[in-house]
Each structure stands twice: as C-alpha cells, then as structure tokens.
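Take a look at the structure below.
Protein chains in written order, with the numbering used here: chain E, -4 to 327; chain A, 945 to 1300.
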C-alpha cells in the first residue's frame, strides 16, 4: 500500500472522529442539548476521509445538510462544531448557523448547505477563482452531495460549466441509497449516477464508498487531474448512512434489516482496521491509542459546548450586511 | 464630487462640474471598464457577453457587444477570462459567481432580463444573501448583478418584469435602480466596490436616453435618494424609469399651477426614509409611482413608512400609481395602459388636491 504512515494515522483518526462525533452529537441531541435538527453521517466516513486526505487548507469543499463528516475531514475543530450544534456563542458560526450551516473559511470549507444541491456551484466558483488566479495546482474545488441532489438541475448546470470552462472540480456524489425515505432506485433514472458524467465530457468513476482505500485511490487520480489543469471528474461513492435521515428518523420503517446488515458488514472503520493490521501497517495498540484520544476529544467537545455562553441578544442583528443604512431590527 | 453634491436640489447637470451629455448604455459600459481597470479581481460573467466565438481561432467575436451592448468592446480589451461568457444556466453560473466571491474575487453578473432572476433565485436567496449571517460573519459576498427590467418595448410577459420588491424583501441583499446616465455611473461603481451582494436593476427604457455625466470618478452612496425637482404642493416619489415619468408629470402639473417635488429613490434596499419624511413634512401630500405590480410592492413599503413616520404631516391619504395586478401584455396599447404614465400621475395628484 502506497500510503504514508502519517496519512494512515490521519485517515483512521478522521474516520473514528467522524463516527464518534455523530454518536456523541446524537446522545446530546436526545438529551435536549442540541437546539435543532441534525443529520448524522456515521457509516459514510470513507468518502470525506479518502478525498480530503489529498487536500490542504487552500483547497475548497462544498457540503450538505449531512455535513459533519466533511467538516471534520477538512480539519474543523470538533469543540466549535459541538458548540455550534448546541447554539452557543463559541460555536463555529457563533450559534447562528447550527448543524446544517457549519463553515470555516480559514480551512477551505465553504459551508454545509441545507438546500439540496445548492452548494455544488459554490465549489465550481471556488475552482473558477483558482483558475482565474492561476493556482489550480494548489487550489481545487470539491463538491460533496448526495444521490438526492443528483436529480437537481443545478448539478447538471454545474457539471456543464465545469467542463466547458475546464475547471479544477471534483463532483463527489455520496450515494447512500436514500433521499430522506425515498430510495435512489426509485428516484434516480440511471443505475450508476457516474454514468451521467460522460454526457458532460468528464470521467465518471463508480467507487466503493465503504472502502476508504478505494476512495483514496480514485480521489487521488481525480484531484491530480484537476491540479494538472485537465478539468473536472465525477466520483460516485456508493455508501450508506447507519442512522435515519435526521436524528429522530427511524430508517427501519423504509429499509430492510438485511440491507442494513450488508453495509454494517462492510463497515469502513472495521475494514480499515482489518486491512492495516493484516498488512502490519499499524498495530492494534496504535489504533487503540487513536481511539482513546478521540474519546477524550469528544468529552472535551461536549464539556466545551455545555459550558459555553449563549450568544448575546444583539447577535440577532449582526452580520446581515457589512454596512447598511436602514434599521435591521423588526418593527414592534 | 461628494454624495451631498449628488443630492443637489437642482439634480444632475448643475453648473461648474466638468462633464458631458452621454448615453446611458455608454456610461454603463465605461463604468464596467473603469472598475475592471481599477481592480483586477473584478470580472464579468453572463450569457452571450462575448458575442460568439470564431470556430477556427476560438477567439471571441463580440457580435452583439453582449445583451443590450452593455459589454461591447470589453472582451477585446480584457480577454475571455475576465469577460466570461456563460452557458444558459442562470442557477449554475450565479452560484459559481457566488463561490468565486466567497473565495476572493469580485464577480459582476449580467443576468440579461430581470425576469431571469427567478431561475437563479435560490442561489441569490440561500447563498448570496445568507452566507455572511448564517456563517456567523466569517465571510463576505462582494457580488454585483445587473439585469434589464420594465415594460414598454414589446418584450411581453416574460421579459418585462419590474418586481423590485421581491429582491428588496431579502435580508442580506441590496437593490439599486438608476434612472439616468448620472445615477448609473455612481450606483454601478458603488455596487461593484461594495462588499455586500448588490442587484442593479435597470429599466430598458433608460438604455438609449442621454444625460449629463460628470467626468470625474464618483460613487453614489447606497441607500440615498435625491431630489430631481423642488416644490411645495405635492411629493412625487419615483424609482428607475418612473422617476422620469414623475418629472414629466411635474412639468404638466406646473402648467396648471401645482408645484410638485420629485424624489428619485435610486436605492430600494436600503432606502432613504429620511428624504421621504423630509419632503412629506413640507408638501403634506404624496404620490408614489412604481411600475411594479401593486401588491407587496416598493410603493406599498414607502407608503407604510410614510404612514408610520410622517402621519401627522399628511393632509390626505398616501396615493400609489402602479401597474395593474397582472402580467405585462404584448399589445402596444395594452402595454402603454399597463405602465404608469405621466398623465396617470397628474390625474391622481389633481384628485388628491381637489383640483378637478
């Protein structure tokens, strides 16, 4: 395997961090400590991890309502994320965005986005900036979206634009098989969404989205193409979400137990552990040390969020504009 | 030139300022050019703005000079990277423009017809207007969009909209409406230099009009209106082309001894509450003229502000002259009837003042 020891450690840390963040976040949600709706991404750790392993803070990603994994893989701070979900002033967006709008522009994260498909052209725009400035080799745009967004017109417009303008973009379609409760086999006209890439003049690759090594390899090729100025690539990452669409959704109402078990058997974290120990790339002890550190990080994140203050009441009116001469406050 | 001079009671063309008579469309293009020279992060994007490409050389042809010739000559001067011709996909390229604004550029988008804004509406509402707020002030969206509005040119129902209030309703977005060559120069430059997203709506009926434009570089402060004419009997409030209709109405009213004051709002979000209140406090009568359909319009909003903050100054109800609550018709006679005409304003004023 041609992956450095440091990169392997990063990949395991990232996947385990995503898994435990989602589980911890759900615990806190059910305790009433989250202020709103959350969309867990546990089970889908491999796509953000395998892709972001190739990126730096100068690269940009666009994300979705199910965005915690993308944030973590792009290097966002889990304490600031937890505080954001708890609606606190110390949150990543000062408590004003919540789970569906976590962003960190200092890390190249354009924001989770709750309109399905709406962040796709933003990543194209980030790639346009890179091309405009002649820095494609160090700044590409990656758009994460799901099988649901694959039916949105704006994806197709964005693919055409990226291809016509030959922009350094990776369209990363995380096909988890469901848009809310509606299965992709019902709502998507192609058996492989990646097959649509051909019509837009770019390579389309179907990838096992439960296998982080497969994602890493496919993403490496796509990102290298983008950095070399050869234009966009479409990756379809076949994956699965272990939980429902949102925190209170019971997916057993619309998914069969044998289907869920099929993907649990392909668990990306267990697969990683089995692969690296079998190939003697990492020891069980190393893996446990990483898990222990992540467990502590989650305790710290919850403590940070719980002990953080609420936003000041005046925050309601901040940052609507940079400057605006009319009153922002409501009429009373 | 300063903003206070821009609000000179005499309006544009006042003495002592070097300048010349220019066509609206030429001023528009020259301002785009000046802003692109001023800041190399400024670039243009839109459908057909480089007017085709030679099949052999792949060089842009600039056949039309862009929609309404707004970008004529610019692709030769700045090249196709900065005059970026976009496929017909408003949601896609407006979204890409927002993405480029979020990552350090200052895109200017030509949306061609104002009606097409609805095709890109989600990107404008959910991404351009909300990013700064929902991400806790981390970012800015220095995006400018422009498009042509208005009836009167036979473009019919889907190419003639004036629904300014749909944009002014959106927190996070600014909306400006020039009404002559002077104001388009100052407002377009101000929009491009502003760090918030700004939509400039220009009525098609303005494009070939001429007017006095000072030579020097200037911006008009967003959110400020101006007096185009001072008077004591009634305030006429215009925006975009209706400011011209108001001036014509004021001329006709003068002939029958009614001294009208004319305000040109210039900005619709933010907008100049002070100038409305100041004028109504003097004239005690007001007629607001808006080519938009009447329900939930800018005319309604201005009326609400005047009723709320200048009620005691009013001698009569606030009156609005607007288009009917209908799509824009194609037939010329119907289309003329659709638009607020100076005669409609005169009739409303006479009724308001009991001058029958």
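Even for Gly, the Cβ is constructed at its ideal location relative to N, Cα and C.
- Listed along chain A, the residues sitting closer than 8 Å to residue 116 of chain E by beta-carbon distance are 1035, 1036, 1037, 1038, 1039, 1040, 1042, 1043, 1067.
- Going by DSSP, residue 168 of chain E is part of the beta strand (DSSP E) stretching over 164 to 170.
- Sequence-distant Cβ neighbours of residue 147 of chain E in its own chain, meaning closer than 7 Å and more than five residues away, are 111, 112.
- In this structure, residue 1168 of chain A keeps its C-beta atom at 7 Å or more from the C-beta atom of residue 971 of chain A.
- With respect to chain E, the C-beta atom of residue 1078 of chain A has a partner C-beta closer than 7 Å.
- For the C-beta of residue 113 of chain E, the chain A residues within less than 8 Å are, from N- to C-terminus, 1039, 1066, 1067, 1070, 1071.
- With contact defined as three or more Cβ pairs closer than 8 Å, the segment 985 to 1004 of chain A and the segment 1022 to 1037 of chain A are in contact.
- Apart from sequence neighbours up to five positions away, the residues of its chain that approach residue 239 of chain E with a beta-carbon distance below 7 Å are 245, 246, ordered along the chain.
- Beyond the five residues adjoining it in sequence on each side, residue 211 of chain E comes within less than 6 Å, by CB distance, of 45, 48 in the same chain, given in chain order.
- In chain order, 55, 57, 117 place their CB closer than 6 Å to the CB of residue 105 of chain E, counting only its own chain and leaving out the 5 sequence neighbours on each side.
- Residue 1093 of chain A sits in a strand when the DSSP states are folded into three classes.
- Between the segment -3 to 5 of chain E and the segment 271 to 283 of chain E, the count of C-beta pairs closer than 8 Å reaches three or more; the two stretches touch.
- Burial of residue 1215 of chain A is indicated by the presence of at least 16 other C-beta atoms within 10 angstroms of its C-beta.
- With fewer than three CB-CB distances shorter than 8 Å, the segment 1148 to 1164 of chain A does not count as touching the segment 1240 to 1260 of chain A.
- Among the bridge pairs identified by DSSP, residue 178 of chain E is matched with E:173.
- Of A:1176, A:1108, A:1172, the smallest CA-CA separation from residue 1146 of chain A is found for A:1108.
- Judged by DSSP secondary structure, residue 15 of chain E falls within the alpha helix (DSSP H) whose first and last residues are 0 to 25.
- For residue 1028 of chain A, the uninterrupted beta strand (DSSP E) run begins and ends at 1027 to 1029, by DSSP.
- Under DSSP, residue 139 of chain E forms a beta bridge with E:167.
- By the Cβ test, the segment 191 to 202 of chain E is in contact with the segment 156 to 166 of chain E, since at least three Cβ pairs between them sit closer than 8 Å.
- Residue-level contact check: residue 80 of chain E does not touch chain A, since none of the beta carbons of chain A fall below 7 Å from its beta carbon.
- When DSSP states are grouped into helix, strand and coil, residue 964 of chain A belongs to the strand group.
- Looking at the DSSP output, residue 1155 of chain A bridges to A:966.
- Beta-bridge partners assigned by DSSP to residue 1234 of chain A: A:1266.
- A straight line joining the alpha-carbon of residue 968 of chain A with that of residue 64 of chain E spans about 51 Å.
- By the 16-neighbour rule on beta-carbons within 10 angstroms, residue 311 of chain E is exposed.
- Residue 1115 of chain A reaches chain E at 315, counting residues in chain order whose Cβ is nearer than 7 Å.
- Among the bridge pairs identified by DSSP, residue 104 of chain E is matched with E:56, E:99.
- At a C-beta separation below 8 Å, residue 88 of chain E has these neighbours in chain A: 1078, 1079, 1080, 1082.
- The C-beta of residue 1098 of chain A has fewer than 16 other C-beta atoms within 10 Å across all chains shown, which makes the residue exposed.
- Contact annotation: in the segment 1203 to 1234 of chain A, residues whose CB is within less than 9 Å of a CB in chain E are 1211, 1213, 1214, 1215, 1216, 1217.
- Under the 8 Å Cβ criterion, the segment 134 to 151 of chain E counts as touching the segment 177 to 190 of chain E, having at least three qualifying pairs.
- At a cut-off of 7 Å between beta carbons, residue 1122 of chain A makes no contact with chain E.
- Residue 287 of chain E has its alpha-carbon roughly 10 Å from the corresponding atom of residue 8 of chain E.
- With respect to residue 1224 of chain A, residue 1293 of chain A sits apart: the two C-beta atoms are not nearer than 7 Å.
- In the same chain as residue 305 of chain E, and ignoring 5 residues on each side of it, the C-beta atoms closer than 8 Å to its own belong to 82, 83, 84, 90, in chain order.
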